[in-house]
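Here's the structure we're looking at; comments come further down.
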Amino acid sequence: MKFSDETLTAYLEGNVDEAEANAIETAVAADPELEARLMALDPFAQVVQAVFENVPAEAPQVDLPEPQSAVPVHHSGSPWRLVAVAASVAVLAVSATFWSTRPEPLGWAEQAAIYQSLYVPDTIASLDNSAQALDTQFELAEAELGRSLNRDTLEALPGMELKRAQVLSFNGKPLIQVVFADEQGQPFAFCIIRQGEGAPSKDVNLAELSGLATATWSEGGYGYMLIGSSPQTPLQGQLDILTTSFAS
Amino acid sequence: MTFLTSRARSVNVKHTQVTIYSMGGEISSEQAVRGAIQTYSKRVWRFGLALSGASDVADDLLQSTCLRALERHHQVTSHDRLDSWLMTICRSIWLNEVRSRSVRKAQALSVTPEAELISHDSDSETNIFAAEVFTQVMQLPEAQRETVMLVFVEGYSYREAAAMLDVPIGTIMSRLSNARQKLKTVMQHDAASAVRRSGK
Chain Z
585 MKFSDETLTA YLEGNVDEAE ANAIETAVAA DPELEARLMA LDPFAQVVQA VFENVPAEAP
645 QVDLPEPQSA VPVHHSGSPW RLVAVAASVA VLAVSATFWS TRPEPLGWAE QAAIYQSLYV
705 PDTIASLDNS AQALDTQFEL AEAELGRSLN RDTLEALPGM ELKRAQVLSF NGKPLIQVVF
765 ADEQGQPFAF CIIRQGEGAP SKDVNLAELS GLATATWSEG GYGYMLIGSS PQTPLQGQLD
825 ILTTSFAS
Chain D
43 MTFLTSRARS VNVKHTQVTI YSMGGEISSE QAVRGAIQTY SKRVWRFGLA LSGASDVADD
103 LLQSTCLRAL ERHHQVTSHD RLDSWLMTIC RSIWLNEVRS RSVRKAQALS VTPEAELISH
163 DSDSETNIFA AEVFTQVMQL PEAQRETVML VFVEGYSYRE AAAMLDVPIG TIMSRLSNAR
223 QKLKTVMQHD AASAVRRSGK
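Taken in sequence, the protein lines are chains Z and D.
Position one of the first sequence corresponds to residue 585 (the numbering used here), numbered consecutively onward.
Position one of the second sequence corresponds to residue 43 (the numbering used here), numbered consecutively onward.
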């Protein structure tokens, strides 16, 4: 069952009858996407949030015992440990920053860029990209996505070594991240999300997100995104190939 | 690479938990809990305020929550979603240990919210409105108040709030509907006075 924004707003304002309210509540329980839409339309949430977000004005005091002196180090010397710590710290920092600024709910492209911004060459250096590993990943990813990932095209992208196809999800929609290493070993990503039939098509939009050059476009019910490893990463070459290859 | 395993989990909108790897030998669970306490202390305090209606009780709840969380850091298996873990600990301390002795005091206080909690910016009309909304929220019944705090203020989804409060998602939605009905009065009043002001 589909609900228009007008109906959802009327629900939030208490202006629908009980039967319709029940129908909406039942539908939301089964549909995270509808839930996200409803939450984004809620005028009360924004007002209440604005009133409480600076309460308390200062971070409250907490007295904690000193940390235990010996912190176990299981993998000392492993470069992965450093990557791990850096990534954890980055996640905390990203959470804290986004929390304190509380932007509008982020779209999939912004989220994907944040995720990608935590990648470093070491993240992808030792991924198993044997034909066998990629076969399994592509099979899974294409099944989730419900369409081909044009693997031949991806494997033939000039200057790029295909590293991995990974299944993620955003608001319940399958989101596939295909990651490459460029000639310098820097991570480069191509993402596809299934937006559903009737999703509006959008022309290519170039933007810097989370400090990375990105290009996004939508067509035929899917959203596409290229993410470089810096604000200057040139995307046009790959963009030409992929917009053609994935044209519906 | 056995200890660098892709988690391939969802990228959550509101809480920006962009978790990439589940790794052995990363930061210890104690460090993770300490980090979470630092990051989320305001959020836990606000939740304590919503539960108890009193800022001194919120102080105590935050302190107890953090100590309890540190004691239990061994139970932490995943370093994401420590925020909702802290909130759950806070609520359980409130329900099991603090509520019975605080509830009378809280009722008295919730009628007159503590004025110093509202920010003082120069626009006094904004301030008055903020104070009205604050009062309205704090006067909601406890179940609605905690739900409003988790969803409206902290941005948890209905289903996340349902899991934290251990109720069905429909209960979350009906609590919010009831809360909106009560908040509507103060918002309509504000809209009306804005119209009056602009008409002058």
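Beta carbons: idealized from backbone N, C-alpha and C, even for Gly.
Test: Z:G730 CB closer than 7 Å to a CB of chain D: no
Exposure label - Z:D647; buried when at least 16 CB within 10 Å: exposed
Same chain, Cβ closer than 8 Å to Z:L790, five either side skipped, listed in chain order: A797, T798, A799 and L819
Z:K747 - containing beta strand (DSSP E), residue span: E745 to F754
Where the beta strand (DSSP E) through Z:R778 begins and ends: P771 to R778
Spatial neighbours of D:M191 in its chain, beta-carbon cut-off 7 Å, leaving aside the 5 residues before and after: Counting only residues of its own chain and dropping the five nearest sequence neighbours on each side, D:M191 has a CB closer than 7 Å to the CB of R88, F89 and A92.
Partner residues on chain B for Z:G598, Cβ-Cβ distance less than 8 Å: Looking for chain B here will not work: the only protein chains present are Z and D.
Contact belief for Z:L711 with Z:A749 at Cβ below 8 Å, rounded distance in angstroms: In fact, because the Cβ distance is near 11 Å, the residues do not count as touching under 8 Å.
Validate contact between the stretch 175 to 183 of chain D and the stretch 202 to 211 of chain D using beta carbons, cut 8 Å, 3 pairs: no
Near-chain Z residues of the stretch 114 to 141 of chain D (beta-carbon distance less than 7 Å), N- to C-terminal order: H121
D:C108 and D:I79 closer than 7 Å at C-beta: yes
Proximity below 7 Å, CB of Z:S714 to CB of Z:G795: For the pair Z:S714 and Z:G795, the CB atoms are not nearer than the 7 Å cut-off.
Residue range of the unbroken alpha helix (DSSP H) whose run includes D:F89: S71 to S94
Status (buried if at least 16 other CB within 10 Å, exposed otherwise) for Z:N755: buried
Host alpha helix (DSSP H) of Z:G807 (start-end): For Z:G807, no alpha helix (DSSP H) encloses it; the enclosing beta strand (DSSP E) starts and ends at Y806 to I811.
Exposed unless 16 or more other CB atoms sit within 10 angstroms - verdict on D:L277: Residue 277 of chain D is absent from the model: chain D starts at 43 and stops at 242.
D:S106 at chain Z interface by Cβ criterion, 7 Å: no
Per-residue DSSP class, three states only, for Z:T800: strand
Beta-bridge pairing of Z:N789 - partner residues as DSSP gives them: Z:T800
Beta-bridge pairing of Z:P758 - partner residues as DSSP gives them: Z:S753
Below-7 Å beta-carbon distance, D:A175 vs any chain Z residue: Contrary to the premise, residue 175 of chain D reads as Val rather than Ala in this sequence. Closer than 7 Å to some Cβ of chain Z, the Cβ of D:V175 qualifies, so yes.
Partners in chain Z for D:D208, counting only beta-carbon separations shorter than 9 Å: The contacting residues do not exist; D:D208 stays about 16 Å from chain Z at best.
Residues from the stretch 745 to 764 of chain Z in contact with chain D, defined by Cβ distance under 7 Å: Q750, V751, L752, S753, F754 and N755
Same chain, Cβ closer than 6 Å to Z:S785, neighbours up to 5 away in sequence not counted: S802 and E803
Beta-carbon gap between Z:I760 and Z:L793 smaller than 7 Å: no
Opposing strand residues paired with D:V99 [DSSP bridges]: DSSP, once it has assigned bridges, lists no residue as partnering D:V99.
Spatial distance of D:V193 from D:D125 (CA atoms): The alpha-carbon atoms of D:V193 and D:D125 are separated by roughly 14 Å.
C-beta contact flag for Z:K757 and Z:I777 at 7 Å: Against a cut-off of 7 Å, the Cβ pair of Z:I777 and Z:K757 comes out as a contact.
Cβ-based neighbour list, Z:Q822, same chain, cut-off 7 Å, excluding 5 preceding and 5 following: The residues are L741 and L810.
Chain D contact for Z:G804 (CB, 7 Å cutoff): no
Bridge partner(s) assigned by DSSP for Z:F764: Z:L746 and Z:F772
Status (buried if at least 16 other CB within 10 Å, exposed otherwise) for Z:R686: Residue placement at Z:R686 is flagged as unreliable, the pLDDT there being 42, under the threshold of 50; the coordinate-derived value follows with that caveat. Its Cβ having fewer than 16 others within 10 Å, Z:R686 is exposed.
Cutoff 7 Å: Z:V646 Cβ touching any chain D Cβ: yes
Per-residue contacts from Z:F830 into chain D (C-beta, under 9 Å): None at all; the shortest Cβ gap to chain D is about 22 Å.
Residue span of the alpha helix (DSSP H) that contains Z:Y699, given as start and end: W692 to S701
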